[in-house]
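Here is the structure we will look at, set down as structure tokens.
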């Protein structure tokens with residue numbers, strides 16, 4: 363019932379037909395990214411996901427990771443699966459070939475990552491964090507650090523972690539206290555870090571911790587934070603492992619979900635200080651941290667999508683098999699899929715999941731353009747679009763994921779509440795995605811503060827113009843006219859809301875930032891609605907041309923229409939809440955709670 | 363951090379000021395229900411909730427109920443708490459004085475029930491089910507059954523259960539197979555029931571199971587179902603306990619939440635048939651079952667509200683204490699409550715919770731009028747209103763409760779995901795409320811099919827008229843004009859949507875029932891928005907009159923305004939989805955999933 367099947371057809375549609383892998387394949391460095399390679403890698407990844415890690419999802423949840431004699435034991439089967447993961451070359455799929463990666467574009471990496479998270483999110487968190495650490499070292503590391511660490515991290519022989527949070531410093535990294543004292547060619551790190559995903563594991567012989575800490579003379583606040591590479595085992599000049607470093611797993615958290623993923627409290631320097639190496643410039647740690655953070659935010663957005671897809675598949679299968687009652691308009695008992703309300707729920711799920719898939723992969727493609735476009739103007743435009751989209755992907759896809767896991771559970775009725783069914787685990791797992799790597803509120807503040815206000819709305823306007831320019835072609839097709847008109851209405855709402863926030867940012871900053879999450883949702887609905895409208899246009903053209911696979915294209919058209927008629931309507935009420943709700947929010951003074 | 367404080371001030375406002383306990387106190391039988399008695403009982407109930415059962419909420423979740431040697435062991439402390447519950451006379455608060463109850467109105471019972479569920483939902487499920495069983499026996503039982511069972515059930519010496527579900531018969535009770543064969547003055551019951559809340563416990567010496575089963579000659583379907591009283595221990599003529607009956611707890615379910623509440627698989631008749639007594643007429647079991655079901659649906663709605671309040675209180679406290687970052691518009695670090703987005707979340711929670719409180723208590727008051735009004739026309743009108751409101755209370759308050767528990771968890775950031783914080787338990791517990799006693803989809807079908815369509819919209823129109831008639835008085839107050847206008851807009855949407863469903867029920871039943879859940883939400887927003895608008899009117903008048911407690915009334919006014927500006931806007935998009943979304947839903951054919 364709760365098996366996972368990678369949605370290869372829809373993935374291929376988004377990558378090849380909607381976004382155009384061919385365009386990415388023309389960029390220097392991505393020449394190997396052909397449709398044939400895509401198909402082959404997709405199939406291989408589906409096999410690994412479905413056969414190797416998906417079967418460990420529930421057992422991993424039940425057993426959980428355990429701390430025993432100072433060592434983390436991952437659930438049964440995880441270690442062997444990780445070995446297969448490394449042996450298959452999966453870890454370095456999108457990494458720099460100079461360090462052993464395969465250098466594939468994110469547009470190819472995103473669907474593969476979706477499969478892994480859908481199959482086993484707790485397992486896949488380990489490579490997710492490793493990739494963030496790789497990007498940070500790749501971006502800021504000296505030649506020595508790069509050659510010493512990257513090859514083993516890219517291959518997956520070693521894993522990586524992100525050590526940001528301390529008890530008093532969560533979203534507020536300025537408050538962090540971990541110290542780094544220079545000693546010869548390295549530093550001694552002392553402090554406690556919490557919420558460290560895969561802070562320890564039994565997969566690999568070494569773990570590379572990236573740790574935010576303060577130098578003795580550092581200025582207060584965020585401008586005094588540096589980033590350090592602190593390996594679990596020191597690495598000798600010849601690459602062999604040296605002494606055990608002074609970092610210890612104090613405890614594991616008892617969490618609502620992702621039980622298979624060890625969330626560690628790490629103590630650095632209980633015995634005098636862990637040896638660390640400065641990454642990049644002193645006091646510039648936050649900038650580098652944002653490199654890995656942005657990669658991780660994108661990946662967490664994909665997680666939200668992935669869990670939603672997994673939960674949806676289970677619900678569809680249950681609804682197709684569970685016979686209960688005589689549906690309206692029928693004369694005999696039938697599977698509950700035929701009850702109009704169940705059909706509505708599954709339609710809502712399908713439409714929002716496919717919409718978020720388009721959004722996430724689109725953002726992945728923009729990362730590729732931002733990296734590889736040769737024309738500086740195009741490269742800058744892609745970077746801007748990617749910057750704008752990252753908080754939307756993280757915030758919108760994860761909020762959708764939590765909602766989807768809950769709605770999918772509802773389809774099972776009472777069985778959904780029983781752990782054996784598996785639906786409850788998806789909700790428990792999904793629930794972290796709107797929190798870690800920056801809560802939805804943090805994403806929304808980033809979207810409004812750094813993406814909308816900082817450039818006076820230029821990035822947003824460029825998006826709006828592109829959307830508007832694409833609508834006439836859609837309106838011309840009778841099957842798509844209603845969809846295009848819903849998108850246009852959402853566009854008008856988003857433009858008005860953006861203008862409003864820009865206008866009032868100086869004089870009413872509290873009201874403007876109080877509207878940030880509704881604004882993120884509005885932008886999420888607009889972009890996903892637009893991408894689904896374009897999908898509908900493609901599907902209509904394919905059907906007209908009489909291509910095979912008509913069922914898929916009819917479904918895409920119907921799904922886009924459903925999103926337009928049952929989803930996008932929310933945009934007007936979000937607009938009203940943003941533009942007319944400021945006084946009501948300010949009226950809720952702190953003393954009234 | 364996760365303590366519970368009964369929200370006595372808001373409860374009193376709704377009961378006394380908004381709805382008018384005095385009006386209920388004038389009805390025959392409710393003369394004792396004075397405001398003074400209300401205050402005294404409230405205070406006593408708050409003490410019991412806060413000091414006796416709230417402290418067992420987390421330990422009960424951790425330990426869970428356990429089946430050992432065929433006997434259910436409830437978590438430590440539950441049994442002693444139940445003894446106190448019975449000794450305090452709490453169980454029979456709203457029950458018939460003829461059988462030892464206190465005969466208090468539901469308007470007084472609802473806030474007390476809210477407290478219990480907020481303090482410990484897993485514990486309070488036991489009396490919730492007992493009360494349903496009491497109502498069924500009270501309604502349909504012979505004199506012998508009433509005198510034999512009711513006094514001990516009203517006092518709480520014995521508990522009651524509802525045995526409906528079987529593996530193949532969930533929402534579809536027509537499919538049930540449990541058999542009842544006549545034997546002398548009783549019946550022999552054979553079959554398996556699942557999802558039986560408190561199907562066994564170690565609180566009391568006897569348990570009275572109400573069991574749906576089929577007689578040998580019963581017609582197929584729902585018209586062949588009878589209801590039986592099947593005690594765990596048979597009861598002799600003199601009231602003493604007789605032989606152990608042939609009913610056995612086979613296993614307990616492993617659930618997402620409410621771990622303290624044993625959810626049993628019960629086997630009847632493994633040793634030849636459990637002795638049961640027919641309740642009411644043969645083959646009329648479903649009608650009686652709906653008596654207890656309706657009571658339970660109302661109570662589950664209150665549960666949704668209760669968990670939301672509990673989760674909200676924890677989030678507010680955390681937001682008042684957790685210092686993190688410098689909020690927009692401030693110059694130093696401050697509690698996160700001052701961050702605009704956190705304030706928005708807490709404001710949304712507060713406004714929706716208070717709105718649902720008004721809705722739930724209002725429905726309770728209608729039950730009182732339906733029971734005790736002497737004028738037949740008024741009594742019938744109250745019954746109709748109560749019938750209309752029951753699925754809305756159940757569906758809307760529980761959906762709000764799940765949403766609220768999840769949003770409250772979000773306020774804690776990463777700490778919310780850690781079980782020790784307690785926020786996660788509320789989400790796990792709340793998640794069942796939209797499922798049991800009829801899913802939200804079932805409630806919505808009931809609302810559209812039995813409440814809207816069956817009387818051609820008469821009940822709904824009576825409500826709309828009452829709402830419209832109340833608006834001019836509110837529009838006249840400057841503080842309330844915007845609120846009244848938002849309610850009017852919601853009213854127009856609800857009227858249009860109702861007319862649409864009535865018009866198309868014959869020709870497009872699938873589209874109509876596919877719109878049932880959006881319609882339930884629309885009606886929920888309308889009624890809660892209206893009750894909050896009336897609350898605002900009262901608050902404005904009190905402030906004008908210069909009464910004490912100005913902070914409470916200012917908060918009420920601000921909260922109603924927040925709901926109007928940030929909540930009710932959804933009504934237009936619900937209306938559009940209902941009225942314009944039929945084709946899109948029908949387009950999602952079963953073969954496209």
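Protein chains in written order, with this note's numbering: chain X, 363 to 955; chain R, 363 to 955. No residue lacks a Cβ here, since even glycine has one placed at the ideal position from N, Cα and C. In this text, all values refer to a predicted model and were calculated from it rather than measured experimentally.
**Report entry** Residue from R/469, R/537 and R/549 whose Cα sits closest to the Cα of residue 555 of chain R
**Finding:** R/537
Report task. Go through its chain and collect everything with a Cβ distance to residue 674 of chain R's Cβ below 8 Å, but skip five positions before and after it. Result -> 708, 711, 712, 715, 766 and 770
Query raised in the report: Buried or exposed: residue 384 of chain X, going by 16 or more other Cβ atoms within 10 Å of its Cβ?
Result: exposed
Requested in this report: Would you kindly work out how many angstroms separate the C-alpha atoms of residue 858 of chain X and residue 631 of chain X, rounded to a whole number?
Outcome: 53 Å
Query raised in the report: Going by Cα to Cα distance, which pick from R/565, R/863 and R/558 is closest to residue 572 of chain R?
Result: Of the candidates R/565, R/863 and R/558, R/558 places its Cα closest to the Cα of residue 572 of chain R.
**Report entry** Straight-line Cα distance separating residue 460 of chain R from residue 681 of chain R
**Finding:** 49 Å
Query - Distance, residue 763 of chain X Cα to residue 779 of chain R Cα - result: 16 Å
Query - Inter-residue spacing [alpha-carbon to alpha-carbon] between residue 648 of chain X and residue 842 of chain X - result: Put simply, the backbone Cα of residue 648 of chain X is about 46 Å away from that of residue 842 of chain X.
Query raised in the report: Could you give the distance in angstroms between the alpha-carbon of residue 363 of chain X and the alpha-carbon of residue 868 of chain R?
Result: The predicted model places residue 363 of chain X with a pLDDT of 49, which falls under 50 and marks its position as unreliable, so this point remains unresolved.
Report task. Just grab the DSSP bridge partners of residue 528 of chain R for me. Result -> DSSP, once it has assigned bridges, lists R/531 as partnering residue 528 of chain R.
Query - Min CB distance residue 686 of chain X to chain R below 8 Å - result: yes
**Report entry** Per-residue burial, residue 913 of chain X [other beta carbons within 10 Å of its own, 16 or more giving buried]
**Finding:** exposed
Query - Residue span of the alpha helix (DSSP H) that contains residue 605 of chain X, given as start and end - result: That residue, residue 605 of chain X, is in no alpha helix (DSSP H); its beta strand (DSSP E) goes 603–606.
Query - Own chain, CB closer than 8 Å to residue 454 of chain X, minus 5 neighbours either side, in chain order - result: 461, 462, 463, 464, 516, 517 and 518
**Report entry** Contact the region 773–790 of chain R vs the region 812–831 of chain R: 3+ CB pairs below 8 Å
**Finding:** no
Query raised in the report: Under 8 Å, do residue 641 of chain X and residue 603 of chain X count as touching if we go by C-beta distance?
Result: Between residue 641 of chain X and residue 603 of chain X, the CB-CB gap reaches or exceeds 8 Å.
Query raised in the report: Does DSSP classify residue 548 of chain X as helix, strand or coil?
Result: DSSP places residue 548 of chain X in strand when its eight states are reduced to three.
Query - CB contact check: residue 941 of chain R to chain X, cutoff 8 Å - result: no
Report task. Apply the 10 Å Cβ neighbour rule to residue 373 of chain X and answer buried if 16 or more other Cβ atoms are within range, or exposed otherwise. Result -> buried
Query raised in the report: Using a Cβ-Cβ cut-off of 7 Å (strictly less than) and excluding sequence neighbours within five positions of residue 899 of chain R, which residues of its own chain qualify?
Result: 835, 836, 839 and 842
Query raised in the report: Can you tell which of X/856, X/776, X/845 and X/411 has its C-alpha closest to the C-alpha of residue 534 of chain R?
Result: Between residue 534 of chain R and the set X/856, X/776, X/845 and X/411, the nearest pair of CA atoms involves X/776.
Query raised in the report: Applying a beta-carbon distance threshold of less than 9 Å, which residues of chain X neighbour residue 617 of chain R?
Result: 779, 780, 781 and 786
Requested in this report: Check the Cβ-Cβ distances between residue 598 of chain R and every residue of chain X, and say whether any is below 8 Å.
Outcome: It does not; no Cβ of chain X falls within 8 Å.
Query raised in the report: Does DSSP put residue 363 of chain X in a helix, a strand or coil?
Result: For residue 363 of chain X, the predicted model reports a pLDDT of 49, less than 50, meaning its position is unreliable and no value from the coordinates is stated.
**Report entry** Within chain R, the residues that residue 946 of chain X reaches when beta carbons sit closer than 7 Å
**Finding:** 923, 924, 927 and 928
Query raised in the report: Which residue comes first and which comes last in the beta strand (DSSP E) that contains residue 585 of chain X?
Result: From DSSP, residue 585 of chain X is part of no beta strand (DSSP E); its letter is neither H nor E.
Query - Neighbour list for residue 934 of chain X in chain R, Cβ cutoff strictly below 7 Å - result: Simply 934 and 935.
Query raised in the report: Taking the alpha-carbon positions, what's the residue 382 of chain X to residue 915 of chain R distance?
Result: 58 Å
Query - 8 Å Cβ cutoff, residue 868 of chain R in contact with chain X - result: no
Query - Residue range of the alpha helix (DSSP H) that includes residue 928 of chain R - result: 912–928
Report task. With DSSP as the reference, please indicate the residues paired to residue 707 of chain R in a beta bridge. Result -> Paired residue(s): none; residue 707 of chain R is not in a bridge.
Report task. Using alpha carbons as the reference points, say which of R/609, R/699, R/512 and R/576 lies closest to residue 539 of chain R. Result -> R/576
Report task. Starting from the C-beta of residue 472 of chain X, find all residues in its chain whose C-beta is less than 7 Å away, skip the five residues before and the five after it, and write them out in chain order. Result -> 664, 722, 723 and 726
Query - Interface partners of residue 700 of chain X on chain R, CB under 8 Å - result: Correct list: 952.
Requested in this report: Verify the CB distance criterion: does residue 704 of chain X have a CB-CB separation below 8 Å to chain R?
Outcome: yes
Query raised in the report: Would you say residue 764 of chain R reaches chain X, if we count a Cβ-Cβ gap shorter than 8 Å as a contact?
Result: yes
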